[in-house]
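Trainee: So the sequence lines, in the order shown, correspond to chains A and B. Following this note's numbering, the residues of the first sequence are numbered contiguously, the last one being 357. Following this note's numbering, the residues of the second sequence are numbered contiguously, the last one being 542. Following this message is one structure expressed as structure tokens.
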Amino acid sequence: MSDKEILMEVKDLVTRFYTEDGVVKALEGVTFSLYKGETLALVGETGCGKSVTALSILRLLGMSGKTLKGEVLFYDEESKKRLGMTGKGPIEILKLESKQMLKIRGFGMSMITQDPMTSLNPVYTVGEQLLEVIELHKGMSGDEAKKEALRLIEDVELTPPEEIFKKYPHQLSGGQRQRIVISISLAAEPALIFADEPTTALDVTIQARVLELMQELKEKFQTSLILITHNLGIVAETSDRICVMYAGRVVEVADKFTLFKRPLHPYSQGLIAAVPVVTEKRDRLSYIGGTVPNLIHPPSGCRFHPRCPYATDICKEKMPELKPVETEDHLVECWHMDEVLKDLEEKGGVC
Amino acid sequence: MAKPLLEVKNLKKFFTFQRGLVKRKTFYLRAVDDVTFDLEREKTLGVVGESGCGKTTLGKTIVGLYPPDSGSITLNPNGNPINTLNPNDEELKIIRKTVQMVFQDPQSSLNPRWPVRNIVGEPLEILKLVSGRKEKESKVIELLETVGLKPEHINRYPHEFSGGQRQRIGIARALASQPDLMVLDEPTSAVDVSVQAQVLNLLKDLQKEKKMAYLFISHDLGVVHHMADEIAVQYLGQIVEYGDSEKVFNNPMHPYTKALLSALPVADPEFEAHKKRIILTGTLPNAISPPPGCRFHTRCKELVDEKKCKSECPALKEVEKNHKVACWIYDR
Numbered sequence: 007m008s009d010k011e012i013l014m015e016v017k018d019l020v021t022r023f024y025t026e027d028g029v030v031k032a033l034e035g036v037t038f039s040l041y042k043g044e045t046l047a048l049v050g051e052t053g054c055g056k057s058v059t060a061l062s063i064l065r066l067l068g069m070s071g072k073t074l075k076g077e078v079l080f081y082d083e084e085s086k087k088r089l090g091m092t093g094k095g096p097i098e099i100l101k102l103e104s105k106q107m108l109k110i111r112g113f114g115m116s117m118i119t120q121d122p123m124t125s126l127n128p129v130y131t132v133g134e135q136l137l138e139v140i141e142l143h144k145g146m147s148g149d150e151a152k153k154e155a156l157r158l159i160e161d162v163e164l165t166p167p168e169e170i171f172k173k174y175p176h177q178l179s180g181g182q183r184q185r186i187v188i189s190i191s192l193a194a195e196p197a198l199i200f201a202d203e204p205t206t207a208l209d210v211t212i213q214a215r216v217l218e219l220m221q222e223l224k225e226k227f228q229t230s231l232i233l234i235t236h237n238l239g240i241v242a243e244t245s246d247r248i249c250v251m252y253a254g255r256v257v258e259v260a261d262k263f264t265l266f267k268r269p270l271h272p273y274s275q276g277l278i279a280a281v282p283v284v285t286e287k288r289d290r291l292s293y294i295g296g297t298v299p300n301l302i303h304p305p306s307g308c309r310f311h312p313r314c315p316y317a318t319d320i321c322k323e324k325m326p327e328l329k330p331v332e333t334e335d336h337l338v339e340c341w342h343m344d345e346v347l348k349d350l351e352e353k354g355g356v357c
Numbered sequence: 211m212a213k214p215l216l217e218v219k220n221l222k223k224f225f226t227f228q229r230g231l232v233k234r235k236t237f238y239l240r241a242v243d244d245v246t247f248d249l250e251r252e253k254t255l256g257v258v259g260e261s262g263c264g265k266t267t268l269g270k271t272i273v274g275l276y277p278p279d280s281g282s283i284t285l286n287p288n289g290n291p292i293n294t295l296n297p298n299d300e301e302l303k304i305i306r307k308t309v310q311m312v313f314q315d316p317q318s319s320l321n322p323r324w325p326v327r328n329i330v331g332e333p334l335e336i337l338k339l340v341s342g343r344k345e346k347e348s349k350v351i352e353l354l355e356t357v358g359l360k361p362e363h364i365n366r367y368p369h370e371f372s373g374g375q376r377q378r379i380g381i382a383r384a385l386a387s388q389p390d391l392m393v394l395d396e397p398t399s400a401v402d403v404s405v406q407a408q409v410l411n412l413l414k415d416l417q418k419e420k421k422m423a424y425l426f427i428s429h430d431l432g433v434v435h436h437m438a439d440e441i442a443v444q445y446l447g448q449i450v451e452y453g454d455s456e457k458v459f460n461n462p463m464h465p466y467t468k469a470l471l472s473a474l475p476v477a478d479p480e481f482e483a484h485k486k487r488i489i490l491t492g493t494l495p496n497a498i499s500p501p502p503g504c505r506f507h508t509r510c511k512e513l514v515d516e517k518k519c520k521s522e523c524p525a526l527k528e529v530e531k532n533h534k535v536a537c538w539i540y541d542r
């Protein structure tokens, strides 16, 4: 994938939440890069830091959260032009002033949230909420802005647009609401969209259409997508590459075919084996023993070591780094890659 | 041949409510509308469908949490069939012992003010399965151990447990009366995949060990496929397809089942790449005024006989062995 252009690089992101119970070490050095036009999936169980990664990049952590360290480099020429930045090099998101950040959160990146009922304002009509974004980020007003809003509603296949425009969120169904959220996130034509569990609240038949629609719109608007989900089925369906996260670390990065066929990190292997699929009938599901660690007192060294079948002393002491294994694009962080590979050979190469 | 454990015939459950200030009108929400099926001992029947199709209502009606409006539910726990429609006190007790339920959300189905001792012990006490505190305690500990919890958990409160553990408490409570039939309503929808795998394994082990039958309600087709021997696909209160799990999954016949299966994202990218998707347009119609005729006709892509589909409701008909479909395509 080296011929592809990089859109964003995230380097060594460290985020903490300061709570009454103690400091939650939510992200501990998250590193990944995103290419232009691709869909990257962040996968992992509840509390592994998927959403926090997105919020850290968007700088929407709220009062209790803080990003202590790290770099987010955003290589989008369009955003640079519109921010009035000259000079070479990418935009350093974490160093922007909050005024600039407000602008970036429109034409640079936007977000589709999990629950459309809470992310839409119940006291404004759909149209008003769309107009707000259009007026702010596109500088349109009056009839022109309304025309644009109607066009956006049409893009997400809601008909008739004029009627939807006047409706309040509670008058729409869950699928329709999520479509509106998608249209709002697309309104300023951002280079990157974060989709945080976009279809968790929807039924399968509606989910299928919403996912397809997102794919079509992504191609039409030429945006990149970071898809955050715990549903491996959706990942297999829509993503290009996958980042597996565990307890605030990215433990494995690979393209989706490799990751499902030949996962190398012990955690990814466990995660993929735990999902029941309709394509094969298994008598028992395998699972990962133990529980997700408490991130106020995370395990030392590799955070997966208390649950890992390969764990030895070095895992308890030192945190491993993401390194390419087998191919350039398959990154894994594990001290015992040789043993994992040897075991895979014995099992015939596939997990 | 022995009678099946559970026989459900023409079961109907409507919810009524009134609307309007001046002209008060009564509306009926047809949550379960003419459902018929049998469930054999030690088998699992998976019930699938979109939200609002009446899966949960079906489960709750079978357990007896909702009184059915018409039809019959017959249980054969030990050779004497019991009709659960108008049971007397004695029969009700047997029904309670025979059928138990595990609820979807363990957070809201466990009393937050009670320790596990009371939660799991309550059914033992009410059904008079134990005498004395000591026996109750030892029985509760035994139940906790069966579901993989520890004896010292007996004095803890629900909030001290993780989601997966809470679901285990719910299972222990249901097991207390040694039921023959367990109704599992989305038992793993609130937990993560790796925990889900543990809970599903536990349920499979328990089924073998205790020789129970399961009515497994879920919208996750992957999970249902893993658990069920037979599958019933429900749409707007009616069963549209019913049959052996493998037959329904490998050869879905009803247009709705086809669409449902094709919409399911499968965690297998190579399978996904070759899959043809049938996208349903429109949303689930309102169950208060369901469309006339076949209820699926408003979203159906294969209307064989438009007039018939829109006016007459097809009946569930055996198309191949152990595979029934309610569609005019197969009924001409």
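Note that CB positions come from ideal geometry on N, CA and C, so glycine has one too.
Please name the residue, chosen from B:Val242, B:Phe224, B:Ile329, B:Gln448, that lies closest to Thr236 of chain B on a Cα-to-Cα basis.
Mentor: Nearest C-alpha to Thr236 of chain B: B:Phe224.
Trainee: How long is the line joining the alpha carbons of Pro333 of chain B and Thr467 of chain B, rounded to whole angstroms?
Mentor: Cα to Cα, Pro333 of chain B sits roughly 38 Å from Thr467 of chain B.
Trainee: Count the other CB atoms within 10 Å of the CB of Leu66 of chain A; is the residue buried (16 or more) or exposed (fewer)?
Mentor: The residue is exposed, with fewer than 16 neighbouring Cβ atoms inside 10 Å.
Trainee: Tell me, please, whether the CB atom of Pro465 of chain B is closer than 9 Å to any CB atom in chain A?
Mentor: By this cut-off, Pro465 of chain B is not an interface position.
Trainee: Please determine, among B:Ala400, B:Lys414, B:Lys420, B:Thr398, the residue with the shortest C-alpha to C-alpha distance to Ser387 of chain B.
Mentor: If we check each option's Cα against that of Ser387 of chain B, B:Lys420 comes out closest.
Trainee: So which residues on chain B does Thr52 of chain A lean against when the C-beta distance must stay under 9 Å?
Mentor: Residues of chain B passing the Cβ test: Gly373, Val401, Asp402.
Trainee: Taking the beta carbon of His303 of chain A as the centre, do at least 16 other beta carbons fall within 10 Å, making it buried, or is it exposed?
Mentor: Exposed, by the Cβ-count rule.
Trainee: For Leu13 of chain A versus Asp82 of chain A, is the C-beta distance shorter than 9 Å?
Mentor: In contact: Leu13 of chain A and Asp82 of chain A (Cβ atoms closer than 9 Å).
Trainee: Whose C-alpha, out of B:Ser261, B:Leu471, B:Val405, is nearest the C-alpha of Ile488 of chain B?
Mentor: Selected option, being the one with the closest Cα: B:Leu471.
Trainee: Could you tell me if the beta carbon of Lys511 of chain B falls within a distance shorter than 8 Å of some heavy atom in the ligand PLP?
Mentor: Absent from the structure shown: the ligand PLP. Ligands present: none.
Trainee: Do you know offhand how far His436 of chain B's Cα is from Thr285 of chain A's?
Mentor: If I take the Cα positions, the gap works out to 10 Å.
Trainee: Relative to chain A, which residues along the stretch 474-487 of chain B have a C-beta separation below 8 Å, given in chain order?
Mentor: Listed by position, the residues of the stretch 474-487 of chain B near chain A (Cβ gap below 8 Å) are Leu474, Pro475, Val476, Ala477, Asp478, Pro479, Glu480, Phe481, Glu482, Arg487.
Trainee: Under the three-state reduction of DSSP, which class applies to Lys464 of chain B: helix, strand or coil?
Mentor: Looking at the sequence shown, residue 464 of chain B is not Lys but His. It is coil, neither helix nor strand.
Trainee: At least one CB of chain A closer than 9 Å to the CB of Ile489 of chain B: is that the case?
Mentor: Yes, its Cβ sits closer than 9 Å to a Cβ of chain A.
Trainee: On the three-state DSSP scale, how would you describe His533 of chain B?
Mentor: In this structure, His533 of chain B counts as strand in the three-state DSSP scheme.
Trainee: Identify each residue in the stretch 402-435 of chain B for which the Cβ-Cβ distance to at least one residue of chain A is less than 8 Å, and report them in chain order.
Mentor: Answer in chain order: Asp402, Val403, Ser404, Val405, Gln406, Ala407, Gln408, Leu410, Asn411, Lys414, His429, Leu431, Gly432, Val433, His435.
Trainee: Any C-beta of chain A sitting closer than 9 Å to the C-beta of Phe459 of chain B?
Mentor: Cβ-Cβ to chain A under 9 Å: yes for Phe459 of chain B.
Trainee: CA-CA distance, Thr226 of chain B and Val405 of chain B?
Mentor: Spanning the two alpha carbons is a distance of roughly 39 Å.
Trainee: Does Ala253 of chain A have its Cβ less than 9 Å from a Cβ in chain B?
Mentor: It does not: the Cβ of Ala253 of chain A has no partner Cβ on chain B nearer than 9 Å.
Trainee: So which residues on chain A does Ala469 of chain B lean against when the C-beta distance must stay under 8 Å?
Mentor: Correct list: Thr211.
Trainee: How would you call Gln182 of chain A, buried or exposed, if buried means at least 16 neighbouring beta carbons within 10 angstroms?
Mentor: So Gln182 of chain A counts as buried.
Trainee: How far does the alpha helix (DSSP H) with Tyr452 of chain B in it reach, from first residue to last?
Mentor: Segment 448-454 is the beta strand (DSSP E) holding Tyr452 of chain B; no alpha helix (DSSP H) there.
Trainee: Which value, in whole angstroms, describes the spacing of the CA atoms of Ala469 of chain B and Glu98 of chain A?
Mentor: For Ala469 of chain B and Glu98 of chain A, the distance between alpha carbons rounds to 46 Å.
Trainee: Give the range of the beta strand (DSSP E) segment to which Phe225 of chain B is assigned.
Mentor: Unbroken beta strand (DSSP E) run through Phe225 of chain B: 216-229.
Trainee: Do we get a CB-CB distance below 9 Å when we pair Leu446 of chain B with the residues of chain A?
Mentor: Leu446 of chain B does not count as touching chain A.
Trainee: Determine the DSSP secondary structure at Cys321 of chain A, reduced to helix, strand or coil.
Mentor: Three-state DSSP puts Cys321 of chain A in a helix.
Trainee: Nearest by alpha-carbon distance to Gln275 of chain A: which of A:Leu238, A:Pro305, A:Asn300, A:Asp289 is it?
Mentor: Comparing Cα-Cα distances from Gln275 of chain A to each of A:Leu238, A:Pro305, A:Asn300, A:Asp289, the minimum goes to A:Leu238.
Trainee: Tell me which same chain residues have a C-beta within less than 7 Å of the C-beta of Leu291 of chain A, skipping the five on either side of it?
Mentor: Excluding residues within five positions, the ones whose Cβ falls inside 7 Å are Ala280, Pro282.
Trainee: Looking only at its chain, what residues have a beta carbon closer than 7 Å to the beta carbon of Thr244 of chain A, apart from the 5 residues adjacent to it on each side?
Mentor: Excluding residues within five positions, the ones whose Cβ falls inside 7 Å are Thr45, Leu217, Gln221, Leu233.
Trainee: Within 9 Å of any Cβ in chain B, is that where the Cβ of Asn237 of chain A sits?
Mentor: Yes, because at least one Cβ of chain B sits closer than 9 Å to the Cβ of Asn237 of chain A.
Trainee: Thinking C-alpha only, which one of B:Glu355, B:Ala241, B:Ala400 is nearest Leu157 of chain B?
Mentor: Residue 157 of chain B lies beyond the residue range present for chain B, which begins at 211 and ends at 542; the question has no answer from this structure.
Trainee: Using CA atoms only, rank isn't needed, just tell me which of B:Leu231, B:Gly256, B:Val476 is closest to Leu443 of chain B.
Mentor: Checking the sequence shown, residue 443 of chain B turns out to be Val, not Leu. The candidate whose alpha carbon is nearest that of Val443 of chain B is B:Gly256.
Trainee: Could you give the DSSP three-state label for Lys349 of chain B: helix, strand or coil?
Mentor: In the structure shown, Lys349 of chain B sits in a helix (DSSP, three-state: H, G or I).
Trainee: Please report how far the alpha carbon of Glu154 of chain A lies from the alpha carbon of Leu61 of chain A, in whole angstroms.
Mentor: Distance between the alpha carbons of Glu154 of chain A and Leu61 of chain A is about 28 Å.
Trainee: Could you check the C-alpha separation between Lys361 of chain A and Ser455 of chain B for me, to the nearest Å?
Mentor: No answer is possible for residue 361 of chain A: it lies beyond the span of chain A, which begins at 7 and ends at 357.
Trainee: Taking Cβ-Cβ distances below 9 Å as the criterion, which residues of the stretch 277-290 of chain A are in contact with chain B?
Mentor: Per Cβ criterion, the list reads Leu277, Ile278, Ala279, Ala280, Val281, Pro282, Val283, Val284, Thr285, Glu286, Lys287, Arg288, Asp289, Arg290.
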